[in-house]
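Participant:
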């Protein structure tokens with residue numbers, strides 16, 4: 001289907017692939033922030049996931065093991081962050097920024113032997129005749145398994161936060177860690193788990209970048225995707241469903257502006273590129289206006305250190 | 311540390327520094343570089359870094375080089391250049407177009423330090439510029455693209471709409487049209503020199519538009535990887551040979567060879583003969599090299615491309631009239647060639663390109 005010189009089907013299937021890395025990272029960061037920890041190290045965890053996933057896939061020849069390696073490496077980075085901020089009570093903002101810088105340097109060092117190497121290809125999921133359905137087939141049934149996994153994870157996180165007991169505990173810890181502690185929940189353990197999950201997803205997102213979206217390892221290849229993931233969590237006002245919308249919106253605008261250019265439109269690229277960020281600010285303003293007298297959208301204990309003695 | 315001991319230490323350091331000065335003359339001269347991407351980008355910055363190492367080796371210990379990679383264009387570049395100057399580097403290379411104002415400012419602050427700016431056009435007594443005629447390489451890519459395309463659509467991933475990129479687009483298009491009058495060129499501006507994910511998306515968008523030859527003016531090999539995945543798409547190595555993607559999709563390449571230039575400038579500086587000037591080398595001087603044209607290209611096409619290369623080396627200009635500007639007005643009359651000033655400031659497309667050049 002072609003509208004105004006743009007093939008809508010290609011656009012949508014492209015934006016799904018382009019958005020998957022930030023969607024994964026943002027979903028992970030959402031869980032971490034819901035537990036009350038602000039981890040600004042998403043970019044660092046993503047890039048370490050990208051290089052570790054790439055290295056694992058190339059060494060073993062299996063993309064699946066590659067993604068597992070990426071997730072593990074991301075989780076390890078997050079565990080380091082958790083150790084520093086939860087046990088040693090270091091400042092979360094500074095530690096998060098340090099994690100990003102550390103990740104960028106570490107990945108460059110580890111990645112040297114993998115420059116110019118080709119990763120094993122990840123095939124599309126075989127849906128048989130389903131992918132031949134006009135339009136819908138290409139939009140819905142023509143992707144690799146990680147795209148579906150990312151969507152499933154969003155649904156799982158949404159369900160977990162909203163309906164499960166574990167989700168309730170997680171939110172309690174993020175809203176008021178003293179009360180949760182008084183009730184007998186182990187605040188540090190919950191936050192450790194939430195951070196590790198967030199790190200694993202960021203690592204998975206990074207591995208998607210190096211194994212499927214680009215596909216190759218290049219130093220510094222995340223190029224700010226981790227920061228976009230952080231912006232999406234705020235844009236989504238800490239709700240899983242809106243993270244999906246935010247990620248596809250951010251990815252969609254990138255895909256759209258490139259396609260518009262390829263179709264020969266003279267468009268103000270800079271306006272389109274900054275649109276998601278302007279939207280994020282607008283959402284923040286609207287949120288704070290709406291919640292002036294009620295509950296804030298952000299978890300109340302976000303960014304605050306917890307120690308049982310307080 | 312109390313104030314008194316601080317003052318004593320500072321004074322001691324100052325004395326030591328002054329006393330150390332005569333000794334320093336015997337030490338190797340320090341030369342600094344800043345790169346816009348990581349040295350592992352396998353493209354532009356990689357190529358500068360290879361040349362830096364080769365030139366340092368050629369000078370055999372008379373020169374000691376350092377570099378800073380991934381320095382963003384803008385205010386950060388000024389900080390990086392200042393730092394290099396304060397560290398005692400006598401000759402400093404700024405290797406990206408966007409460092410222009412930063413290097414001009416820092417050169418003013420350090421009149422005794424020599425600066426060189428790649429692809430720029432602002433000069434001072436201690437600030438020279440150097441550039442390669444990349445558009446000569448683009449002409450050969452354009453020839454190959456015109457011959458190889460089946461869809462008659464060539465895709466071009468531009469970085470920023472600056473003269474250097476516009477030259478490349480025009481040169482490739484002129485050469486492609488000469489061998490294939492039906493050919494069209496589609497341009498996507500990535501507004502970055504280095505962002506593998508965005509470059510890959512740009513390539514994907516062009517492939518989705520039906521382009522089966524992709525040229526890039528960005529620094530990573532991501533578009534090559536994307537073309538390889540698509541299958542029947544051809545690409546060219548940019549800045550570096552990118553031979554990991556040969557014989558297909560990469561069917562040829564334009565290689566920036568900075569080694570002879572850096573070696574010469576290092577030598578000039580060591581011998582005290584360095585003077586600010588504007589160097590603009592091309593295929594003839596070896597600054598622009600054409601990488602191996604692979605077996606994916608039919609023999610007669612390959613021969614034609616090599617013939618064009620020889621012609622350019624002997625003085626044929628890729629922009630030889632008759633050529634019109636995009637709006638149909640006459641740019642060059644029959645047999646006329648533009649002077650370097652016009653090329654260096656090129657801000658228009660030639661006739662036949664449908665896209666609009668962003669302002």
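Chains as they are written, first to last, in the numbering used here: chain A, 1 to 310; chain B, 311 to 669. We put the CB at the ideal spot given by N, CA and C, even for glycine.
(1) Considering only residues of the same chain and omitting the five flanking positions on each side of residue 586 of chain B, which have a CB-CB separation below 7 Å?
(2) Roughly how far, in whole angstroms, is the beta-carbon of residue 673 of chain B from the beta-carbon of residue 500 of chain B, given that I think they are within contact range, below 8 Å?
(3) Do we get a CB-CB distance below 8 Å when we pair residue 214 of chain A with the residues of chain B?
(4) State the start and end residues of the unbroken beta strand (DSSP E) segment that holds residue 564 of chain B.
(5) How would you write the range of the alpha helix (DSSP H) that residue 425 of chain B sits in, first residue to last?
(6) If I measure Cβ to Cβ from residue 333 of chain B and keep anything under 7 Å in the same chain, skipping five residues before and after, which residues do I get?
(7) Taking the beta carbon of residue 33 of chain A as the centre, do at least 16 other beta carbons fall within 10 Å, making it buried, or is it exposed?
(8) Shortest alpha-carbon distance to residue 49 of chain A belongs to which of A:66, A:19 and A:59?
(9) Could you check the C-alpha separation between residue 227 of chain A and residue 233 of chain A for me, to the nearest Å?
(10) Which residues in chain A have a C-beta closer than 7 Å to the C-beta of residue 499 of chain B? List them in chain order.
(11) At what residue ranges does the region 57-119 of chain A contain a whole run of the alpha helix (DSSP H), taking only runs of 4 or more?
(12) Select from A:251, A:151 and A:55 the residue whose C-alpha is nearest the C-alpha of residue 512 of chain B.
(13) Classify residue 35 of chain A as buried or exposed, calling it buried when 16 or more other Cβ atoms lie within 10 Å of its own Cβ.
(14) Any Cβ of chain A within less than 8 Å of the Cβ of residue 633 of chain B?
(15) Pull out every residue of the region 635-665 of chain B whose Cβ sits closer than 9 Å to any Cβ of chain A, in chain order.
(16) Measuring CB to CB, does residue 127 of chain A end up less than 8 Å from residue 141 of chain A?
(17) Would you grab the beta carbon distance between residue 301 of chain A and residue 175 of chain A for me? Rounded to a whole angstrom, and I think it's under 8 Å.
(18) Could you tell me if residue 362 of chain B is buried or exposed, where buried requires 16 or more neighbouring beta carbons within 10 angstroms of its beta carbon?
(19) Assign residue 397 of chain B to one of three DSSP states: helix, strand, or coil.
(20) Under the three-state reduction of DSSP, which class applies to residue 127 of chain A: helix, strand or coil?
(21) Interface residues of chain A around residue 352 of chain B at Cβ under 8 Å?
(22) Inspect the beta-carbon positions of residue 656 of chain B and residue 506 of chain B and report whether they are closer than 8 Å.
(23) First and last residue of the beta strand (DSSP E) that includes residue 548 of chain B?
(24) Looking at residue 561 of chain B: is its Cβ nearer than 8 Å to the Cβ of residue 493 of chain B?
(25) Taking C-beta pairs closer than 8 Å, name the residues in chain B that residue 249 of chain A reaches, listed in chain order.
(26) Contact check, residue 555 of chain B vs residue 569 of chain B under 8 Å by CB: the rounded distance?
(27) Within the same chain, show all residues whose beta-carbon is closer than 7 Å to that of residue 514 of chain B, passing over the 5 residues directly before and after it, in chain order.
(28) Apart from the five residues on each side of it in sequence, which residues of its chain come closer than 7 Å, Cβ to Cβ, to residue 351 of chain B?
(29) Listing by chain order, which chain B residues have their CB less than 7 Å from the CB of residue 122 of chain A?
(30) So, do the region 442-457 of chain B and the region 630-640 of chain B have three or more beta carbon pairs nearer to each other than 8 Å?
(31) Hey, how far is the Cα of residue 279 of chain A from the Cα of residue 235 of chain A?
(32) Might you give, ordered along the chain, the residues of its own chain that have their beta carbon closer than 6 Å to the beta carbon of residue 311 of chain B, omitting 5 neighbours on each side?
(33) Note down, in chain order, every chain B residue with its Cβ under 7 Å from the Cβ of residue 10 of chain A.
(34) Pull up the CB-CB distance for residue 79 of chain A and residue 196 of chain A, whole angstroms please, since I reckon it's below 8 Å.
(35) Flag residue 570 of chain B as yes if its beta-carbon sits less than 8 Å from any beta-carbon of chain A, otherwise no.
(36) Using a Cβ cut-off of 8 Å, which residues of the region 546-578 of chain B contact any Cβ in chain A, in chain order?
Facilitator: Considering the structure as presented:
(1) 433, 434, 435, 436, 437 and 438
(2) The requested residue 673 of chain B is not part of the displayed model; chain B covers only 311 to 669.
(3) Yes, its Cβ sits closer than 8 Å to a Cβ of chain B.
(4) Taken as a continuous stretch (DSSP letters only), the beta strand (DSSP E) holding residue 564 of chain B covers 560-566.
(5) Unbroken run through residue 425 of chain B is the beta strand (DSSP E), 424-428; no alpha helix (DSSP H).
(6) At residue 333 of chain B, the pLDDT of 46 sits below 50, so the modelled position is not reliable and the matter cannot be decided from this model.
(7) buried
(8) A:66
(9) Take the alpha-carbon of residue 227 of chain A and the one of residue 233 of chain A: they are about 10 Å apart.
(10) 261 and 269
(11) 63-82 and 92-111
(12) A:251
(13) buried
(14) no
(15) 664 and 665
(16) yes
(17) 6 Å
(18) buried
(19) coil
(20) coil
(21) 115, 116 and 218
(22) no
(23) 544-549
(24) no
(25) Chain B residues near residue 249 of chain A: none, gap ~15 Å exceeds 8 Å.
(26) Actually they are not in contact, since the Cβ atoms of residue 555 of chain B and residue 569 of chain B sit about 23 Å apart, beyond 8 Å.
(27) Same-chain partners within the cutoff: 536.
(28) 504, 529 and 530
(29) Within 7 Å Cβ-Cβ: nothing; residue 122 of chain A doesn't reach chain B, min ~10 Å.
(30) no
(31) 8 Å
(32) Any reading at residue 311 of chain B needs caution, since the residue's pLDDT is 46, under 50, leaving its predicted position unreliable; the model's value is listed next. Hits under 6 Å: none found.
(33) What residue 10 of chain A touches in chain B: 518.
(34) 6 Å
(35) no
(36) 554
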